[in-house]
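Worksheet for the structure shown next.
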Amino acid sequence: MSHGLDGLTQPSFVSDAAWSKGAAATSQSNIAQGYSGAFNTISGYLNDSGNTMPGHRLWILGGITQVGVGQAGEYNDLKVFDIDSGLGHATKTVAYPNSGLFPAEWSVGTFWSLAVPSRYDASKVSIKVTDATTKQNVPVAAVQSDDGYGLFDTEISYLPKASMIKANHAYTISVSNFAGVPAGYSYTTKLFKIGSVTN
Numbered sequence: 023m024s025h026g027l028d029g030l031t032q033p034s035f036v037s038d039a040a041w042s043k044g045a046a047a048t049s050q051s052n053i054a055q056g057y058s059g060a061f062n063t064i065s066g067y068l069n070d071s072g073n074t075m076p077g078h079r080l081w082i083l084g085g086i087t088q089v090g091v092g093q094a095g096e097y098n099d100l101k102v103f104d105i106d107s108g109l110g111h112a113t114k115t116v117a118y119p120n121s122g123l124f125p126a127e128w129s130v131g132t133f134w135s136l137a138v139p140s141r142y143d144a145s146k147v148s149i150k151v152t153d154a155t156t157k158q159n160v161p162v163a164a165v166q167s168d169d170g171y172g173l174f175d176t177e178i179s180y181l182p183k184a185s186m187i188k189a190n191h192a193y194t195i196s197v198s199n200f201a202g203v204p205a206g207y208s209y210t211t212k213l214f215k216i217g218s219v220t221n
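When we follow my numbering, the leftmost residue of the sequence shown carries the number 23, and every step to the right adds one.
Have a look at this one:
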């Protein structure tokens, strides 16, 4: 599995035209292995577990209007942009988890993030997470920033202590020392449990 099919050998039964189409599509896509069914695939991209800078989710949440989907067994390709059409910019800030209600299963064991549509200096950003239900501070590790994925210009990701992230708890996230955003960002999310879902 490779973006642009880089490093892969073209099988003899695949035509040059089909291989070229596959290379073009995968170079503009989220790709994943180990998922089957729409719910598991999209929730996997959104959770983005294992990626310190969760860019897969931002291609989905950034305001795209069209996607292309390919599925073969447990392999998925989600084409999320078209180089030839030109890329715009996201029009709003996207937090993960978002303000309001959010699935607990998508929030544990992964980086939380904040993506903004403008370029800011986030090199000295500070993140504070408070469990609004128990009134306890939640330790945060691995705070980092990037020039952004998807249609965003700046992204911040951070890892709250997993053992303190629980369903039916509300969390207040405050972002400060964000150059260019004097007031920073502050919002509250409440996590709820989805439970089992059948694709």
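The beta carbon of each residue, even a glycine, is placed where N, CA and C say it ideally should be.
Between the options, which has its C-alpha nearest residue i's C-alpha?
i: E127; options: F214, V147 and Q50; result: F214
i: D168; options: S140, N190, T63 and D153; result: S140
i: Y118; options: V102, I82 and V91; result: I82
i: S185; options: S129, Y142 and V138; result: S129
i: H78; options: H111, L123, P33 and G170; result: G170
i: I187; options: H111, A39, Y97 and F124; result: F124
i: K43; options: T132, G131 and G90; result: G90
i: S51; options: T194, L100, Y67 and Q93; result: L100
i: S196; options: V160, L80 and T87; result: V160
i: T194; options: D175, V138, T132 and S121; result: S121
I need the DSSP call for residue i, collapsed to helix, strand or coil.
i: T48; result: helix
i: K43; result: helix
i: I178; result: strand
i: L30; result: coil
i: S185; result: helix
i: A112; result: coil
i: A192; result: strand
i: A137; result: strand
i: A154; result: coil
i: A126; result: helix
So, at 7 Å on beta carbons, what are the nonlocal neighbours of residue i in its own chain, with the 5 sequence-adjacent residues on each side left out?
i: K146; result: N199
i: G26; result: A45, T48 and S49
Determine the burial state of residue i: buried for a count of at least 16 other Cβ atoms within 10 Å of its Cβ, exposed for fewer.
i: F61; result: exposed
i: G84; result: buried
i: P76; result: buried
i: G172; result: buried
i: T63; result: buried
i: N69; result: buried
i: N98; result: buried
i: G66; result: buried
i: A54; result: buried
i: A164; result: exposed
For the alpha helix (DSSP H) containing residue i, list its first residue and its last residue.
i: G223; result: Nothing about residue 223 can be reported from this structure: the residues present for the chain run from 23 to 221 only.
i: L83; result: H78 to L83
With a CB to CB cut of under 6 Å and the five nearest residues on each side skipped, what residues in its chain are close to residue i?
i: A192; result: A154, T155, T210 and K212
i: I178; result: L136, A144, V147 and S167
i: V162; result: I149, V151, Y180 and P182
How far does the beta strand (DSSP E) with residue i in it reach, from first residue to last?
i: Y118; result: V116 to Y118
i: A163; result: V162 to D168
i: D241; result: Since the first and last residues shown for the chain are 23 and 221, residue 241 lies out of range.
i: L225; result: Nothing about residue 225 can be read from this structure; the chain reaches only from 23 to 221.
i: A94; result: G90 to A94
Counting only C-beta atoms, is residue i closer than 8 Å to chain D at any point?
i: T210; result: This model lacks chain D altogether; it includes just one protein chain.
What does a CB cutoff of less than 8 Å around residue i pick up in its chain, not counting 5 residues either side in sequence?
i: L30; result: S24
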